[in-house]
Amino acid sequence: MSAQHAGRGLVVLLTDFGLADQYVGQMKGALARVSPDLCVIDLSHEVAPYNIVQGAYFLAASWRHFPERSVFMGIVDPGVGTPRRAVAVRAEKRWFVGPDNGLLTLVLAHDAPDTEAYLITGKAQGSSQTFHGRDVFAPVAARLALGEAPETLADHIRHEGLLRAQWSVPREAPGGIVAHVLHADRFGNCTLNLDIDTWWPKLRGRDGLALAHPRHEPLIACETYGVLPGGCVGLLPGSQGFLELAVNRGSARARLGLSPGSLARIVQAESQGLPTARKIPGDTI
Amino acid sequence: MSAQHAGRGLVVLLTDFGLADQYVGQMKGALARVSPDLCVIDLSHEVAPYNIVQGAYFLAASWRHFPERSVFMGIVDPGVGTPRRAVAVRAEKRWFVGPDNGLLTLVLAHDAPDTEAYLITGKAQGSSQTFHGRDVFAPVAARLALGEAPETLADHIRHEGLLRAQWSVPREAPGGIVAHVLHADRFGNCTLNLDIDTWWPKLRGRDGLALAHPRHEPLIACETYGVLPGGCVGLLPGSQGFLELAVNRGSARARLGLSPGSLARIVQAESQGLPTARKIPGDTI
Amino acid sequence: MSAQHAGRGLVVLLTDFGLADQYVGQMKGALARVSPDLCVIDLSHEVAPYNIVQGAYFLAASWRHFPERSVFMGIVDPGVGTPRRAVAVRAEKRWFVGPDNGLLTLVLAHDAPDTEAYLITGKAQGSSQTFHGRDVFAPVAARLALGEAPETLADHIRHEGLLRAQWSVPREAPGGIVAHVLHADRFGNCTLNLDIDTWWPKLRGRDGLALAHPRHEPLIACETYGVLPGGCVGLLPGSQGFLELAVNRGSARARLGLSPGSLARIVQAESQGLPTARKIPGDTI
Numbered sequence: 001m002s003a004q005h006a007g008r009g010l011v012v013l014l015t016d017f018g019l020a021d022q023y024v025g026q027m028k029g030a031l032a033r034v035s036p037d038l039c040v041i042d043l044s045h046e047v048a049p050y051n052i053v054q055g056a057y058f059l060a061a062s063w064r065h066f067p068e069r070s071v072f073m074g075i076v077d078p079g080v081g082t083p084r085r086a087v088a089v090r091a092e093k094r095w096f097v098g099p100d101n102g103l104l105t106l107v108l109a110h111d112a113p114d115t116e117a118y119l120i121t122g123k124a125q126g127s128s129q130t131f132h133g134r135d136v137f138a139p140v141a142a143r144l145a146l147g148e149a150p151e152t153l154a155d156h157i158r159h160e161g162l163l164r165a166q167w168s169v170p171r172e173a174p175g176g177i178v179a180h181v182l183h184a185d186r187f188g189n190c191t192l193n194l195d196i197d198t199w200w201p202k203l204r205g206r207d208g209l210a211l212a213h214p215r216h217e218p219l220i221a222c223e224t225y226g227v228l229p230g231g232c233v234g235l236l237p238g239s240q241g242f243l244e245l246a247v248n249r250g251s252a253r254a255r256l257g258l259s260p261g262s263l264a265r266i267v268q269a270e271s272q273g274l275p276t277a278r279k280i281p282g283d284t285i
Numbered sequence: 286m287s288a289q290h291a292g293r294g295l296v297v298l299l300t301d302f303g304l305a306d307q308y309v310g311q312m313k314g315a316l317a318r319v320s321p322d323l324c325v326i327d328l329s330h331e332v333a334p335y336n337i338v339q340g341a342y343f344l345a346a347s348w349r350h351f352p353e354r355s356v357f358m359g360i361v362d363p364g365v366g367t368p369r370r371a372v373a374v375r376a377e378k379r380w381f382v383g384p385d386n387g388l389l390t391l392v393l394a395h396d397a398p399d400t401e402a403y404l405i406t407g408k409a410q411g412s413s414q415t416f417h418g419r420d421v422f423a424p425v426a427a428r429l430a431l432g433e434a435p436e437t438l439a440d441h442i443r444h445e446g447l448l449r450a451q452w453s454v455p456r457e458a459p460g461g462i463v464a465h466v467l468h469a470d471r472f473g474n475c476t477l478n479l480d481i482d483t484w485w486p487k488l489r490g491r492d493g494l495a496l497a498h499p500r501h502e503p504l505i506a507c508e509t510y511g512v513l514p515g516g517c518v519g520l521l522p523g524s525q526g527f528l529e530l531a532v533n534r535g536s537a538r539a540r541l542g543l544s545p546g547s548l549a550r551i552v553q554a555e556s557q558g559l560p561t562a563r564k565i566p567g568d569t570i
Numbered sequence: 571m572s573a574q575h576a577g578r579g580l581v582v583l584l585t586d587f588g589l590a591d592q593y594v595g596q597m598k599g600a601l602a603r604v605s606p607d608l609c610v611i612d613l614s615h616e617v618a619p620y621n622i623v624q625g626a627y628f629l630a631a632s633w634r635h636f637p638e639r640s641v642f643m644g645i646v647d648p649g650v651g652t653p654r655r656a657v658a659v660r661a662e663k664r665w666f667v668g669p670d671n672g673l674l675t676l677v678l679a680h681d682a683p684d685t686e687a688y689l690i691t692g693k694a695q696g697s698s699q700t701f702h703g704r705d706v707f708a709p710v711a712a713r714l715a716l717g718e719a720p721e722t723l724a725d726h727i728r729h730e731g732l733l734r735a736q737w738s739v740p741r742e743a744p745g746g747i748v749a750h751v752l753h754a755d756r757f758g759n760c761t762l763n764l765d766i767d768t769w770w771p772k773l774r775g776r777d778g779l780a781l782a783h784p785r786h787e788p789l790i791a792c793e794t795y796g797v798l799p800g801g802c803v804g805l806l807p808g809s810q811g812f813l814e815l816a817v818n819r820g821s822a823r824a825r826l827g828l829s830p831g832s833l834a835r836i837v838q839a840e841s842q843g844l845p846t847a848r849k850i851p852g853d854t855i
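Protein chains in written order, with our numbering: chain U, 1 to 285; chain L, 286 to 570; chain A, 571 to 855.
Structure (structure tokens):
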């Protein structure tokens with residue numbers, strides 16, 4: 001990482017604090033106390049309370065859309081006040097600051113060669129025991145964004161010891177694929193923990209796919225919402241790096257009864273005696 | 286437009302994405318990848334999904350409160366993935382970037398002499414087919430905000446061909462005025478598509494106005510909420526450039542059963558045998 | 571206040587406008603018209619409509635977490651359009667701009683020696699009668715944040731005459747302490763108007779505390795959520811400068827039926843024949 005920065009430092013915030021309370025504002029105040037010249041961007045503060053899976057997905061789907069050297073503060077922290085570790089992790093040419101509780105599972109999944117980890121031990125002066133986002137993580141994130149060396153802020157540790165959650169790995173079995181719903185968005189699209197690079201080549205254009213759990217429903221593997229026939233459920237690459245279940249101008253969440261954390265089982269319908277949907281002619285790239 | 290900018294470039298965001306998902310954050314990441322020094326302001330991300338009328342109103346009510354050369358990204362885009370055009374429009378000394386689907390109807394209503402239109406044709410490298418806000422519109426908006434010439438980003442087209450929606454025009458007839466509700470705000474005030482400059486001179490201080498649809502209700506045409514007698518419905522110029530229906534410390538939306546897109550018919554009550562409300566003494570400017 | 575600023579000027583926004591409407595965006599536009607180089611931070615826009623108590627708490631809990639010279643715009647203004655005064659107040663080395671309606675009660679409670687008050691009299695050119703946040707307060711706040719002298723923007727008045735609301739003072743009586751709930755947050759924690767510096771030394775580590783109103787419930791006075799036994803209600807210093815009622819990983823709001831503005835009476839249970847909770851062994855500092 002070069003000592004020179006193009007433009008001002010950038011901090012990206014992800015929390016489960018919501019926007020109604022004063023907590024996010026106070027974190028931004030703590031960043032501004034280090035430097036009011038930082039660029040601070042909200043990724044989301046509406047992660048469901050304590051929902052590490054959803055937070056992990058937001059980070060994994062988003063980091064590549066921010067400049068290199070961006071510092072992500074990911075504060076979804078059900079264990080605050082317990083001995084869970086506070087870490088700063090370098091990966092994918094960005095920084096990730098927050099609790100070591102699995103929130104970085106999907107970011108770390110690609111084993112980026114630049115991965116390094118640091119343990120944040122210093123407690124901010126006068127810090128409370130209950131608001132680490134403002135008192136512990138924000139000062140570290142701000143200083144990393146300004147280009148300070150991590151060694152001056154935290155202690156180097158082995159990155160292999162960072163917590164990686166098991167829900168992140170879909171299971172492939174003769175009976176089908178068992179995936180997790182990572183997120184259901186405002187429009188009802190349901191993102192699965194099936195990353196496009198790994199799974200789309202196996203599923204794209206395949207006839208006779210179906211959802212077998214939680215409901216029986218034919219699936220059409222297609223590239224865009226627009227080509228989905230009305231009322232059909234699609235399995236699409238979407239724009240977030242993971243496959244999505246979607247209904248054209250409808251809600252897959254409502255239609256299929258899915259929510260973040262739900263299991264979804266995808267099968268080859270012919271082998272299950274399930275109803276099937278045919279491939280759309282010409283729906284390939 | 287001068288090549289010199291006073292202060293940093295400014296991008297104003299209007300979408301129907303909501304703030305719970307990661308989408309707005311990713312758009313801001315795409316802007317920061319062009320330049321982290323831009324000033325980025327959220328106008329609103331809570332436009333009702335696909336509600337072009339409401340989005341058009343937010344833009345029309347707001348552009349004059351931002352500096353000249355501001356770039357508005359208006360992304361309410363039910364037709365994403367279909368052949369609707371992507372455009373950058375200069376009008377009223379600002380830029381407006383988004384789909385050509387009627388969202389600019391009210392901004393274009395004054396036929397500003399500086400109006401120009403450009404067709405955005407280049408697809409961003411590696412862009413998805415479903416998230417044009419991040420992959421197509423944000424890079425163009427950022428570069429316009431930095432002062433780049435539009436010709437380097439898009440192709441000049443005739444601005445007379447931009448889509449203008451019919452709902453924007455109220456109808457005046459012997460039986461009264463037929464208007465549309467553009468928006469109902471947090472406080473229950475309902476904005477009509479009656480711009481103040483055209484309609485307030487005709488209605489200000491008039492006795493015996495009444496709402497005839499969707500409910501029968503006397504209306505008091507007055508300048509401020511404060512002078513409205515308790516429980517009465519007012520027709521006021523408000524602060525947004527359009528006339529509003531309001532109840533002092535109450536909700537006109539709840540009282541009248543209105544919502545964005547509703548029709549509202551205003552009549553001269555004497556001619557309809559409707560109950561009337563008298564002008565407030567001294568309520569003139 | 572020195573003429574020199576370290577970094578750019580900072581404006582912090584607190585309103586009851588919500589984020590769905592275009593109002594907050596327009597206020598930021600008005601700030602950007604003075605200077606797009608300001609740093610503008612949202613403290614919260616989800617103060618309950620017209621709830622001055624909650625707004626006063628957000629300001630009091632937050633100002634110390636922002637840099638000196640920050641300018642807070644606090645716009646919770648049920649009296650807009652009536653003759654309530656518009657003021658700019660210097661206190662605690664920050665500025666506070668807004669209506670003089672009690673919103674600054676808790677900020678002023680410490681009688682900071684630097685307190686000064688100014689009356690905002692000039693009306694912005696073309697200002698509406700209903701949106702003072704955008705048309706009156708924003709230009710003044712922006713200019714103060716840029717370091718302009720207050721005398722050029724407003725008239726010096728006696729700060730002793732600023733409105734201080736009576737709800738801010740808890741009552742201590744032989745039968746117990748009568749406090750108000752200032753806020754109930756996303757996690758259900760209920761903040762009381764008992765500032766830590768005054769009240770925690772009196773309550774910390776005391777055996778046999780109980781809530782006597784609105785429900786009978788033993789209270790454990792402890793330092794952190796983590797040490798609270800499951801299902802017990804704690805009275806804690808928290809991170810906001812005021813004592814909080816909390817349930818470990820549960821909602822004190824739901825458990826106790828509290829909401830902003832509620833009365834809460836805390837008693838020494840032995841003297842009331844109420845059930846008691848024992849001190850947690852070792853729970854002292």
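We treat Cβ as the ideally placed atom computed from N, Cα and C, and that holds for glycine.
Please read all numbers here as calculations on a predicted model, not as lab measurements.
Could you check the C-alpha separation between residue i and residue j for me, to the nearest Å?
i: leucine 19/U; j: aspartate 207/U; result: 44 angstroms
i: glycine 808/A; j: glycine 292/L; result: 41 angstroms
i: glutamine 525/L; j: glycine 703/A; result: 13 angstroms
i: phenylalanine 636/A; j: alanine 682/A; result: 17 angstroms
i: aspartate 301/L; j: isoleucine 727/A; result: 45 angstroms
i: valine 11/U; j: glutamate 244/U; result: 28 angstroms
i: histidine 444/L; j: leucine 548/L; result: 29 angstroms
i: serine 347/L; j: aspartate 470/L; result: 14 angstroms
Which of the three DSSP states, helix, strand or coil, is assigned to residue i?
i: leucine 601/A; result: helix
i: alanine 694/A; result: Residue confidence is low: alanine 694/A scores 49 on pLDDT, short of 50, so the model does not pin down where it sits. Its coordinate-derived value is still stated next. Alanine 694/A falls in the coil class under three-state DSSP.
i: glycine 446/L; result: helix
i: glutamate 457/L; result: strand
i: alanine 76/U; result: The residue you asked about is not alanine; residue 76/U is valine in the sequence shown. Coil.
i: leucine 752/A; result: strand
i: leucine 219/U; result: strand
i: aspartate 705/A; result: helix
How far does the beta strand (DSSP E) with residue i in it reach, from first residue to last?
i: serine 329/L; result: 324 to 329
i: proline 709/A; result: Where proline 709/A is concerned, there is no enclosing beta strand (DSSP E), although the alpha helix (DSSP H) it sits in stretches over 708 to 715.
i: tyrosine 627/A; result: Careful: tyrosine 627/A lies outside any beta strand (DSSP E), inside the alpha helix (DSSP H) at 622 to 632.
i: tryptophan 95/U; result: 94 to 99
i: threonine 761/A; result: 760 to 765
i: leucine 781/A; result: 779 to 783
i: arginine 660/A; result: 656 to 661
i: threonine 15/U; result: 10 to 15
Using a Cβ-Cβ cut-off of 8 angstroms, state whether residue i counts as contacting chain L.
i: serine 605/A; result: yes
i: aspartate 135/U; result: no
i: tyrosine 23/U; result: no
With a threshold of 8 angstroms between beta carbons, is residue i in contact with chain U?
i: valine 296/L; result: no
i: tyrosine 620/A; result: no
With 8 angstroms set as the bound, which would you pick, yes or no: does the beta-carbon of residue i sit closer than that to a beta-carbon of chain A?
i: glutamine 26/U; result: yes
i: tyrosine 271/L; result: Limits of chain L in this structure are 286 at one end and 570 at the other, which puts residue 271/L out of reach.
i: leucine 203/U; result: no
i: proline 260/U; result: no
Inspect the beta-carbon positions of residue i and residue j and report whether they are closer than 8 angstroms.
i: valine 34/U; j: phenylalanine 72/U; result: no
i: glutamine 268/U; j: leucine 194/U; result: no
i: glycine 55/U; j: leucine 14/U; result: yes
How far does the alpha helix (DSSP H) with residue i in it extend, from its first residue to its last?
i: arginine 823/A; result: 822 to 826
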